[in-house]
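Reading through the structure tokens given below for one structure.
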Amino acid sequence: MKRLALWAVAGFSVLLAACGNDADLSQQGPANFGAEPVLPDRQRGLLPSMTIASPTQWGDQRPTVPQGYVIAAIATDLRIPRQSLVLPNGDILVAEGKGGGAPKLTSKDVIGGYIKAQGNSSVKGGDRLTLLRDGNGDGIYESRTVFAENLNAPYGLALIGNQLYVANQDALVRFDYTEGQTQAIGAPVKVTDLPSQINHHWTKALTASADGRFLYVGIGSNSNITERGMAAEVDRAMVWQVDAQTGAHKPYATGLRNPTALAIQPGTDRLWVVVNERDELGPDLPPDYLTSVREGGFYGWPYSYWGQNVDPRVRPQDPQKVAVAITPDYALGSHVAPLGVAFSAPAMGGVFADGVFVGERGSWNREKPVGYKVVFVPFRDGRPAGAPVDFVSGFRGTDGKTRGRPVGVSVDPRGALIVADDLSNTLWRVTPAR
Amino acid sequence: MIAVVDRPPQRPLHPVHAFFLAATVTLYLGALLSDLAYAMSYQVQWTNFASWLIAAGLLFGGVVLVFALVGLRHAYRRGRRNLLYAFIVLATWVLSFINALMHAKDAWGVMPEGLILSAIVFLLICVAAWMGLSNVRIGDVP
């Protein structure tokens, strides 16, 4: 085993070194985004192509934002911030945590896990919610309190009236919340358990329906492509609809490999999701995507990708499921790893007023890295229209070093985008310059 | 000692060499059977077993490879048969390493190449074991 490990590490190192020399940070292949992305042939060499982030400090540098916008770090030294929620009074809640811990079943899990960990923060997950407050509206969040702690890898956040819902990696819980509160009173109440066996993809995304009756919970698959067995995928790779009062739940949409963030389109009750698609089918395959979610819809995983393109790695196959697989609305590009989605607000200004922001944590399974930025997908008439535009970039510098990895995003209707960065453990705030 | 022998004395394998050689046969047999079981049942646990058995085969087979190559330092072991033996042990290890990478693909992605390689590797290690262990009795053909 050790010999294999040494050889494999040596092999990977050569591969990585080869990639490191490639200063060209050019993006995806032709039109790997939009409603009709180009889908090349599947490919996978003896080794999966990998380029792992090489982390370094921000120093004096800052992420890049468009002309007319400014960015500031409003909280640093967080403990793996993943998602944020802007409360009605302008306070910001941040969920901090790192879940998972799925058992390593093969030598690949051991070696691959070690290699991928090099691109992540080594800070221990906070298992807590931090509340930030800007008392005088000067853009400096001078007050910072721990709203709740001893949670279990909290991720998704949603507020319905005076109930704050938190999706831990194993359960949906709620706290009483009154406006202005800086600390939860008492322990949370469990609304329902969530699927948590193995938890290969542990994040539990969360949003509330427009009328506040339901919560939607994103539950990721328990494998890349069923390599932990079909039995491990019961209640996985789907979005649940949960009754906020009773905790009763049902699958709302299925076949969504890793639905990492959810949002309701303002003025409608339409649910949108960003999904991380499967790996090891090639650098431009299959696209990660943004889509509106149809109730009862099946989106392909594991049997097919981007609609009805069959994945031959799945046995037994299921042609009947493939036949009904829905093609998603909008490809974001392969391996960009979207972990945040938020609808914009008029106060964001100009061309960024109508559309969604998507936080892209960035690729590993690709020679030329992609993602590592927040993009804006413009909307027209309630649908995505046009190519994604960089909104916050520079997380991966031209020097090949990675200073941050953007994940959850949320929009303050007063005119600010909040971006969680789980590599530098920072919360960024982007506002129109005044 | 200065002595020229035209028929080198036959020496059995070192016991450690023989132990690892024989053990490697069982590991690659296990890997082949596990691959067959996965191909027939679609139960992924079998391919996990195959992956570890191949890893262990590389470790044990690596010890055999070291013995085989180091053995070639001695002139009396440098007969054609010993060269062939060392070559087969080397080929087995290299193909098995490729097989390990093949088995790092997810789920059915291993197939069919993984099964084919497991079969070839098993056949090669059987040939190597036959050659290595029969040396105990018969020795080089002059």
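Residue numbers (the working numbering), protein chains in the order written: chain Z, 1041 to 1474; chain P, 19 to 160. Virtual Cβ for every residue (Gly too), placed ideally from N, Cα, C. Predicted, not measured: the structure shown is a model, and the values here were computed from it.
Start and end of the alpha helix (DSSP H) containing residue i?
i       : result
Z:L1486 : Residue 1486 of chain Z is absent from the model: chain Z starts at 1041 and stops at 1474.
P:Y103  : R98 to M120
Z:P1359 : P1359 to V1364
Z:A1456 : Unbroken run through Z:A1456 is the beta strand (DSSP E), A1456 to D1461; no alpha helix (DSSP H).
Z:A1293 : Careful: Z:A1293 lies outside any alpha helix (DSSP H), inside the beta strand (DSSP E) at H1289 to T1294.
Measure from the alpha carbon of residue i to the alpha carbon of each residue in the options, then state which is nearest.
i       : options                               : result
Z:D1394 : Z:R1401, Z:N1202 and Z:P1386          : Z:P1386
Z:A1303 : Z:A1245, Z:G1179, Z:T1232 and Z:L1133 : Z:A1245
Z:K1413 : Z:Q1285, Z:M1270, Z:R1420 and Z:F1431 : Z:F1431
P:S69   : P:L31, P:M149, P:I143 and P:A125      : P:A125
Z:N1192 : Z:Y1181, Z:N1208 and Z:L1204          : Z:N1208
Z:L1199 : Z:A1284, Z:S1161 and Z:A1071          : Z:A1284
Z:L1086 : P:L77, P:G127, P:D53 and P:L31        : P:G127
Z:Y1181 : Z:G1226, Z:G1130, Z:G1220 and Z:P1228 : Z:G1130
Z:H1289 : Z:L1255, Z:E1320 and Z:I1120          : Z:L1255
Z:A1271 : Z:P1342, Z:L1172, Z:Y1217 and Z:G1165 : Z:P1342
Z:E1407 : Z:T1091, Z:P1077 and Z:D1324          : Z:T1091
Z:K1164 : Z:L1463, Z:R1474 and Z:A1113          : Z:L1463
Z:V1315 : Z:R1122, Z:V1459 and Z:T1300          : Z:T1300
Z:F1416 : Z:M1388, Z:N1239 and Z:W1404          : Z:M1388
Z:T1294 : Z:A1277, Z:L1457 and Z:I1114          : Z:A1277
Z:R1454 : Z:F1338, Z:P1128, Z:K1148 and Z:T1218 : Z:P1128
P:L50   : P:F38, P:L71, P:H32 and P:F37         : P:L71
P:V62   : Z:E1273, Z:A1473, Z:W1404 and Z:S1433 : Z:E1273
Z:G1139 : Z:P1327, Z:K1441, Z:G1336 and Z:D1210 : Z:D1210
Z:A1075 : Z:Q1237, Z:P1424, Z:D1452 and Z:S1433 : Z:P1424
Z:D1309 : Z:P1143, Z:K1441, Z:P1356 and Z:A1250 : Z:A1250
Z:W1280 : Z:N1239, Z:P1235, Z:A1456 and Z:A1071 : Z:P1235
Z:T1247 : Z:Q1237, Z:Y1195, Z:P1106 and Z:K1230 : Z:Y1195
Z:R1082 : Z:P1326, Z:R1420, Z:R1334 and Z:A1093 : Z:P1326
Using a C-beta to C-beta distance shorter than 9 Å, which residues of chain Z count as neighbours of residue i?
i      : result
P:I116 : L1086
P:S52  : Correct list: empty, because the minimum Cβ distance to chain Z is about 12 Å.
P:S69  : L1145, T1146, S1147 and K1148
Am I right that residue i and residue j are in contact with their C-beta atoms under 8 Å? What's the rounded C-beta distance?
i       : j       : result
Z:G1399 : Z:G1444 : Between Z:G1444 and Z:G1399 the Cβ distance is about 11 Å, and since that is not below 8 Å, they are no contact.
Z:N1262 : Z:R1318 : That pair is no contact at about 13 Å.
Z:V1376 : Z:G1347 : About 19 Å; that fails the 8 Å criterion.
Z:T1116 : Z:T1466 : 5 Å
Z:I1259 : Z:D1233 : Not a contact, Cβ separation roughly 12 Å.
P:L135  : P:I106  : P:L135 to P:I106, Cβ: 16 Å. No contact.
Z:P1428 : Z:L1379 : About 15 Å separates the two Cβ atoms, so there is no contact after all.
Z:F1215 : Z:L1204 : 5 Å
Z:Y1370 : Z:Y1345 : With 8 Å as the limit, Z:Y1370 and Z:Y1345 do not qualify as a contact, their Cβ atoms being about 15 Å apart.
Z:A1460 : Z:V1110 : Wrong, their Cβ atoms sit about 18 Å apart, outside the cutoff.
P:T110  : P:A146  : 6 Å
Z:V1206 : Z:L1169 : 7 Å
P:M120  : P:A57   : No, P:M120 and P:A57 are not in contact; Cβ-Cβ is about 14 Å, not under 8 Å.
P:A104  : P:L87   : 6 Å
Interface residues of chain Z around residue i at Cβ under 8 Å?
i      : result
P:A41  : Neighbours of P:A41 on chain Z: none; closest Cβ ~15 Å, over 8 Å.
P:G127 : R1084, I1265, E1320, P1352 and R1353
Just reading off the beta strand (DSSP E) that residue i is part of, what are its end residues?
i       : result
Z:F1431 : V1429 to V1432
Z:M1278 : M1278 to D1283
Z:V1449 : P1446 to D1452
Z:N1316 : L1311 to N1316
Z:L1302 : N1298 to I1304
Z:I1132 : I1132 to E1136
P:H32   : Element bounds for P:H32: n/a, residue is neither H nor E.
Z:S1374 : Y1370 to S1374
Z:I1111 : Y1109 to A1115
Z:I1259 : F1254 to I1259
Note down, in chain order, every chain P residue with its Cβ under 8 Å from the Cβ of residue i.
i       : result
Z:S1344 : Chain P residues near Z:S1344: none, gap ~14 Å exceeds 8 Å.
Z:G1269 : Q61, V62 and Q63
Along chain Z, which residues have their Cβ under 7 Å away from the Cβ of residue i?
i      : result
P:N100 : None at all; the shortest Cβ gap to chain Z is about 23 Å.
P:L119 : L1086 and L1087
Whose Cβ in chain P lies nearer than 7 Å to the Cβ of residue i?
i       : result
Z:N1264 : D124
Z:P1356 : Y60
Any chance the CB of residue i is under 8 Å from a heavy atom of the ligand GDP?
i       : result
Z:G1179 : The ligand GDP is absent from the structure shown, which contains no ligand whatsoever.
Every unbroken alpha helix (DSSP H) inside the stretch 1141 to 1191 of chain Z [4 residues or more]: 1147 to 1157
Complete beta strand (DSSP E) runs within the stretch 1381 to 1425 of chain Z (minimum length 3 residues, chain order): 1395 to 1400 and 1413 to 1420
Entirely enclosed alpha helix (DSSP H) segments - the stretch 45 to 96 of chain P, minimum 4 residues: 63 to 89
Segments of 3+ residues assigned as beta strand (DSSP E) that fall wholly inside the stretch 1196 to 1248 of chain Z: 1196 to 1200, 1203 to 1207, 1211 to 1216, 1229 to 1233 and 1244 to 1248
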